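See structure below.
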Amino acid sequence: MPRTSLTAVQASRAGTVLPTATAGDAVNGNSIANDGRTVLLVRNTNGAATARTITFTTAKSVDGLTAPVRSETIPAGETQVFGPFPPTDYGTTLAFNVDNAELTVQSIRV
Numbered sequence: 007m008p009r010t011s012l013t014a015v016q017a018s019r020a021g022t023v024l025p026t027a028t029a030g031d032a033v034n035g036n037s038i039a040n041d042g043r044t045v046l047l048v049r050n051t052n053g054a055a056t057a058r059t060i061t062f063t064t065a066k067s068v069d070g071l072t073a074p075v076r077s078e079t080i081p082a083g084e085t086q087v088f089g090p091f092p093p094t095d096y097g098t099t100l101a102f103n104v105d106n107a108e109l110t111v112q113s114i115r116v
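Residue 35 in my numbering sits at position 29 of the sequence shown; the count goes up by one each step and never skips.
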């Protein structure tokens with residue numbers, strides 16, 4: 007199945023209401039348009055002590071080798087901000103995977 011697409015809200019000096027957090031798609035992965043000005047707020051909603059992982063795919067491969075991925079661990083109950091993601095490295099569509107739907111995502115274009 008295709009990745010679950012997300013849409014970013016545009017930040018402004020007048021203030022922008024954050025979008026509702028969306029549970030990450032642990033089966034199909036997620037994607038979002040990427041112009042290098044997108045950031046993700048990712049929260050681990052797990053109430054115990056279980057850390058969760060988000061993995062970002064990159065667009066570059068070198069000498070025919072598989073492009074590397076960037077994996078980050080988020081402790082239980084913590085929110086972290088990721089980005090921006092240069093399109094030359096991550097592509098014009100940012101693809102990412104979560105290891106559990108307890109990771110919720112909000113996307114903002116700055």
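A virtual CB, placed ideally from N, CA and C, is assigned to each residue, including glycine. Please read all numbers here as calculations on a predicted model, not as lab measurements.
Can you tell me the Cα-Cα spacing of residue i and residue j, whole angstroms?
| i | j | result |
| --- | --- | --- |
| Leu24 | Gln112 | 7 Å |
| Ala20 | Gly42 | 22 Å |
| Thr98 | Gly83 | 30 Å |
With distances taken from CA atoms, which of the options is nearest residue i?
| i | options | result |
| --- | --- | --- |
| Ile38 | Lys66, Thr51 and Phe62 | Phe62 |
| Thr10 | Leu100, Val116 and Glu108 | Leu100 |
For residue i, which beta-bridge partners are listed by DSSP?
| i | result |
| --- | --- |
| Asn117 | No information on residue 117 is available, as it lies outside the stretch 7 to 116 that the chain covers here. |
| Asn36 | Thr10 and Phe102 |
| Leu46 | Phe88 and Ser113 |
For the beta strand (DSSP E) holding residue i, just list the boundary residues, first then last.
| i | result |
| --- | --- |
| Thr79 | Val75 to Ile80 |
| Thr110 | Leu109 to Arg115 |
| Thr85 | Thr85 to Phe88 |
| Arg19 | Taken as a continuous stretch (DSSP letters only), Arg19 belongs to no beta strand (DSSP E), as it is neither H nor E. |
Between which two residues does the alpha helix (DSSP H) holding residue i run?
| i | result |
| --- | --- |
| Thr94 | Pro93 to Tyr96 |
Please classify residue i: is it buried, with 16 or more other beta-carbons within 10 angstroms of its beta-carbon, or exposed?
| i | result |
| --- | --- |
| Glu108 | buried |
| Ala73 | exposed |
| Asp69 | exposed |
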